[in-house]
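Novice:
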Amino acid sequence: MDVAIIGLGMHPFGRTDGVSGLEQGAYAARKALEDAGVDWSDMQFAYGGSAAAGNADALVSKLGLTGLQFINVANGCATGGSALQSAYMAIQSGMFDIGMAVGFDKHPRGAFTVDPEASGLGKWYGDIGMALTPQFFGMKIQRYMHEFGISEDALVRVAVKNYRNGVLNPNAWRKKAFSYEDVATSDMVADPLRKYMFCSPAEGGCAMILCRADKARQYTSKPVFLKAVSVKTRNFGSFEVFTQAQALNRADAPTMKASKAAFEFAGIGPEDIDVAQLQDTESGAEIMHMAENGFCKDGEQEKWLREGYTEINGKLPVNTDGGCLANGEPIGASGLRQVHEIALQLRGDAGARQVPNQPKTGYTHVYGAPGLSGVTILSR
Amino acid sequence: MAINVANSEPIAEGLFTWPSNDPRLLGSKCNNCGVVVFPAQSSCPACSSTSTETIELERKGKLWTYTIQCFLPNRPPYEGPETPATFKPFGVGYVELPDQTRVEARIKTNDVSKLKIGMDMELVVEKFMERNGKDVVAFFFQPADELN
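In order, the protein sequence lines correspond to chains A and B. Under the numbering used here, the first residue of the first sequence carries the number 285, and numbering increases by one thereafter. Under the numbering used here, the first residue of the second sequence carries the number 10, and numbering increases by one thereafter.
This is the structure we're talking about:
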């Protein structure tokens, strides 16, 4: 059973004082229902996630106590992607015809606070100052730059591009373009990564309605089909966040495995993708994920960025809505935002940031601690 | 910082030999596949075997990658002694111990700007903070050229 996305809803990302995370989730859910032309009472199931704004299933008290199957999803930064994958399986299995994937969050300001013991680490790891995700991002790209000749220039270009795209996105948090110099001279956070190369924890909500593909046109003239969904966790030897010791023999990253599985399932390759969302927790992540997802070879990113291949009018536009950099990261909603953007692009509804030439096939990739990736391939 | 060994405790039990004049990190080696991990654990994350033995790790290695932590980490969980006024950026990196594993550690150095991938590093165990009237000692790696 193929699966279609027939409704999209979003509460703008950023900071919305006075509105709870749950209310932002309910707003996004109502928008998605309206977009699909269905009612909450039509939903046979929902999968939802929130990391810091309460249990997602509390949404039923806002949307209506209809008795549907509602399952909470918690999977780090990949929570949204995991909610979508669960919804996909619920329909693909034939168990349900129509339902919702939803996520929302509202994080305090500043870097994410990590509880080392909840991640299976010793308390000492936090005591001594190593339970910080920016350190991992800094160390991973530092090594990558050393091995593949990536320069600081590439890090700056990614950030400048994503903030520039954010200006074109009414739902983005950061709607301010930063100059090359702004980014290149911002404070160092975790060498070689600077302040404006990082996304921040944020707020927001995102929801989508999924249904059996053979029923999609009852609801919309512009369904978007999920051609593949894949979630993979780390293998022994991949270089992941909060790894106290790394194996000498490097294994493929979970992103590489999720990407390969998704392309195989969809029966297409990276060259068939017209527009992509790649997890850009920071500039370095987008660069490495370009290669880990199979779009270019290690080291080719220098040229890709210099020549503008990943710009909105380039050969593979990446993070057309501004990515995590311009939208911030409300964990529960972030992975769904990526799918929301690709679905808009494929529908031709992306407004000022619409990719030209009617893109047909799109791709999303989310990465989360402690080392998992979720990939989707979508087409119209 | 000088350590009063009698009035000291390790930041966690089982990470390194202590008290000792020549402290070593304690890892474990899988009796089935030979993979070495740190900290020591009773099962193998590579082959799922539940037969491992605790071993002392090499003291010397090479810096495989690093970063510089430029802001004071959040408390909790951080317990370092600095204040916003006294905080100085510190290094964190992975040190490759020959034929064993790459250990993540804080880097002790006089000059973070001189850190470089491939440089020779050595284990040091030093006072990190005080807790309940005792010196809490932790492990660090330091550039070898600062020690010799």
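Note that beta-carbon positions come from the ideal geometry of N, C-alpha and C, so glycine has one too.
So, does the CB of residue 615 of chain A fall closer than 8 Å to a CB anywhere in chain B?
Specialist: Taking the first residue of the first sequence as 1, we reach residue 615 of chain A at position 331. So no, residue 615 of chain A is outside the interface.
Novice: Using a beta-carbon distance below 8 Å, is residue 415 of chain A in contact with chain B?
Specialist: Within the first sequence, numbered from 1, the residue matching residue 415 of chain A stands at position 131. Output row for residue 415 of chain A: interface = yes.
Novice: Using only the alpha-carbon positions, how far apart do residue 416 of chain A and residue 396 of chain A sit?
Specialist: The residue given as residue 416 of chain A occupies position 132 in the first sequence. The residue given as residue 396 of chain A occupies position 112 in the first sequence. Their backbone Cα atoms lie some 8 Å apart in a straight line.
Novice: So with CB distances below 8 Å, who are the chain A contacts of residue 33 of chain B?
Specialist: Here residue 33 of chain B refers to the residue found at position 24 of the second sequence. Going along chain A, no residue has its Cβ under 8 Å from residue 33 of chain B, so there is no contact; the nearest lies around 14 Å.
Novice: Give the DSSP-derived three-state secondary structure of residue 585 of chain A in the structure shown.
Specialist: Translated into the one-based positions of the first sequence, residue 585 of chain A becomes position 301. If DSSP states are grouped into helix, strand and coil, residue 585 of chain A belongs with the helices.
Novice: I'd like the list of long-range same chain contacts for residue 421 of chain A, defined as Cβ closer than 7 Å, with 5 residues on each side in sequence excluded.
Specialist: In the first sequence, the residue the question calls residue 421 of chain A occupies position 137. Closer than 7 Å at the Cβ level, and outside the excluded window around residue 421 of chain A, lie 474, 477, 565, 566, 568 and 569.
Novice: Give the interface partners of residue 430 of chain A over in chain B, defined as CB-CB distance under 7 Å, in chain order.
Specialist: The sequence position of residue 430 of chain A within the first sequence is 146, counting from 1. Near residue 430 of chain A (Cβ distances below 7 Å), the residues of chain B are 126.
Novice: Between the Cα of residue 560 of chain A and the Cα atoms of A/365, A/660, A/318 and A/506, which residue gives the shortest distance?
Specialist: Along the first sequence, read from residue 1 onward, the residue named residue 560 of chain A stands at position 276. Nearest of A/365, A/660, A/318 and A/506 to residue 560 of chain A, Cα basis: A/660.
Novice: Measuring only the C-alpha atoms, how far is residue 525 of chain A from residue 540 of chain A?
Specialist: Residue mapping note: residue 525 of chain A aligns to position 241 of the first sequence, counting from 1. Residue mapping note: residue 540 of chain A aligns to position 256 of the first sequence, counting from 1. Cα to Cα, residue 525 of chain A sits roughly 16 Å from residue 540 of chain A.
Novice: Grouping DSSP H, G and I as helix and E and B as strand, with all else coil, what is residue 400 of chain A?
Specialist: Taking the first residue of the first sequence as position 1, residue 400 of chain A is located at position 116. It is helical.
Novice: Using DSSP's beta-bridge definition, name the partner residues of residue 151 of chain B.
Specialist: The residue you call residue 151 of chain B lines up with position 142 of the second sequence. The partner list for residue 151 of chain B (beta bridge, DSSP) reads B/131.
Novice: Check each residue of the stretch 473 to 484 of chain A: if its Cβ is closer than 7 Å to any Cβ of chain B, include it; give the result in chain order.
Specialist: Answer set for the stretch 473 to 484 of chain A: 473, 474 and 475.
Novice: DSSP on residue 326 of chain A, reduced to helix/strand/coil?
Specialist: The residue labelled residue 326 of chain A in the question sits at position 42 within the first sequence. Residue 326 of chain A: helix per DSSP, three-state reduction.
Novice: On the three-state DSSP scale, how would you describe residue 88 of chain B?
Specialist: By 1-based counting over the second sequence, the position of residue 88 of chain B is 79. The answer is coil: DSSP assigns residue 88 of chain B none of H, G, I, E or B.
Novice: State the Cα-Cα distance for the pair residue 490 of chain A and residue 616 of chain A, rounded to the nearest angstrom.
Specialist: Here the question's residue 490 of chain A lines up with position 206 in the first sequence. Here the question's residue 616 of chain A lines up with position 332 in the first sequence. Cα to Cα, residue 490 of chain A sits roughly 9 Å from residue 616 of chain A.
Novice: Determine the direct distance from the alpha carbon of residue 404 of chain A to that of residue 32 of chain B, and round the result to whole angstroms.
Specialist: Within the second sequence, residue 32 of chain B is the residue found at index 23, counting from 1. Within the first sequence, residue 404 of chain A is the residue found at index 120, counting from 1. Rounded to whole angstroms, residue 32 of chain B to residue 404 of chain A spans 25 Å at the Cα level.
Novice: Looking at chain A, is there any beta carbon in it that lies within less than 8 Å of the beta carbon of residue 3 of chain B?
Specialist: Since the first and last residues shown for chain B are 10 and 157, residue 3 of chain B lies out of range.
Novice: Would you identify the three-state DSSP class for residue 93 of chain B, choosing helix, strand or coil?
Specialist: Taking the first residue of the second sequence as position 1, residue 93 of chain B is located at position 84. Three-state DSSP puts residue 93 of chain B in coil, outside helix and strand.
Novice: How would you list, in chain order, the residues of chain B whose beta-carbon sits under 8 Å from the beta-carbon of residue 406 of chain A?
Specialist: Sequence index remark: in the first sequence, residue 406 of chain A carries index 122 (1-based). Chain B residues near residue 406 of chain A: 21, 24 and 48.
Novice: Please state whether DSSP places residue 359 of chain A in a helix, a strand or coil.
Specialist: Position 75 of the first sequence, counted from the start, is the residue given in the question as residue 359 of chain A. Residue 359 of chain A falls in the strand class under three-state DSSP.
Novice: Roughly how many angstroms lie between the CA atoms of residue 549 of chain A and residue 577 of chain A, to the nearest whole one?
Specialist: Within the first sequence, numbered from 1, the residue matching residue 549 of chain A stands at position 265. Within the first sequence, numbered from 1, the residue matching residue 577 of chain A stands at position 293. Roughly 15 Å separates the two Cα atoms.
Novice: Establish whether the CB of residue 527 of chain A and some CB of chain B are separated by less than 8 Å.
Specialist: The sequence position of residue 527 of chain A within the first sequence is 243, counting from 1. By this cut-off, residue 527 of chain A is an interface position.
Novice: If you count every other CB in all the chains shown that lies within 10 Å of the CB of residue 443 of chain A, and 16 or more means buried, which is it?
Specialist: Stepping through the first sequence from its first residue, residue 443 of chain A is reached at position 159. Buried, since its Cβ has 16 or more Cβ neighbours within 10 Å.
Novice: Kindly give me the distance between the Cβ atoms of residue 631 of chain A and residue 453 of chain A, rounded to whole angstroms, as I take these residues to be in contact under 8 Å.
Specialist: Locating residue 631 of chain A in the first sequence gives position 347, counting from the first residue. Locating residue 453 of chain A in the first sequence gives position 169, counting from the first residue. Contact flag wrong, Cβ pair sits at about 15 Å.
Novice: From which residue to which residue does the beta strand (DSSP E) around residue 659 of chain A run?
Specialist: For the purposes of this step, residue 659 of chain A is identified with residue 375 of the first sequence, where counting begins at 1. From DSSP, the beta strand (DSSP E) with residue 659 of chain A extends over 656 to 663.
Novice: Residue 501 of chain A: beta carbon under 7 Å from a heavy atom of the ligand NAD?
Specialist: Annotation note on the ligand NAD: not contained in the displayed structure, which lists no ligands.
Novice: Does chain A have any CB closer than 8 Å to the CB of residue 94 of chain B?
Specialist: Counting from one through the second sequence, the residue named residue 94 of chain B turns up at place 85. No, residue 94 of chain B does not count as interfacial toward chain A.
Novice: Taking the DSSP output, what are the residues bridged to residue 72 of chain B?
Specialist: In the second sequence, the residue the question calls residue 72 of chain B occupies position 63. In the DSSP output, where bridge partners are listed per residue, residue 72 of chain B has B/104.
Novice: Kindly indicate which three-state DSSP category residue 43 of chain B falls into: helix, strand or coil?
Specialist: For this step, residue 43 of chain B is matched to residue 34 along the second sequence. Three-state result, residue 43 of chain B: coil.
Novice: With DSSP collapsed to three states, give me the class of residue 595 of chain A.
Specialist: In the first sequence, residue 595 of chain A corresponds to position 311, counting from 1. Of the three classes helix, strand and coil, the one that applies to residue 595 of chain A here is coil, per DSSP.
Novice: Is the stretch 120 to 139 of chain B in contact with the stretch 147 to 156 of chain B, if contact means three or more CB pairs nearer than 8 Å?
Specialist: Result yes; three or more Cβ-Cβ pairs closer than 8 Å.
Novice: Roughly how many whole angstroms lie between the Cα atoms of residue 114 of chain B and residue 131 of chain B?
Specialist: Taking the first residue of the second sequence as 1, we reach residue 114 of chain B at position 105. Taking the first residue of the second sequence as 1, we reach residue 131 of chain B at position 122. Rounded to whole angstroms, residue 114 of chain B to residue 131 of chain B spans 11 Å at the Cα level.
Novice: Check this for me: beta carbons of residue 486 of chain A and residue 612 of chain A, under 8 Å apart or not?
Specialist: Along the first sequence, one-based indexing puts residue 486 of chain A at 202. Along the first sequence, one-based indexing puts residue 612 of chain A at 328. It is a contact, given that the beta carbons lie within the stated cut-off.
Novice: Of the residues that make up the stretch 56 to 81 of chain B, which ones have a beta carbon closer than 8 Å to any beta carbon in chain A?
Specialist: So the list reads 73, 74, 75, 76, 77, 78, 79 and 80, given in the order they occur along the chain.
Novice: Under 7 Å between beta-carbons, which chain A residues line up against residue 30 of chain B? List them in chain order, please.
Specialist: Within the second sequence, the letter at position 21 stands for residue 30 of chain B. Within chain A, no residue comes near residue 30 of chain B; the closest Cβ sits about 22 Å away, beyond 7 Å.
Novice: Quick check: is the beta carbon of residue 410 of chain A nearer than 8 Å to any beta carbon in chain B?
Specialist: If you number the first sequence from 1, residue 410 of chain A lands on position 126. By this cut-off, residue 410 of chain A is an interface position.
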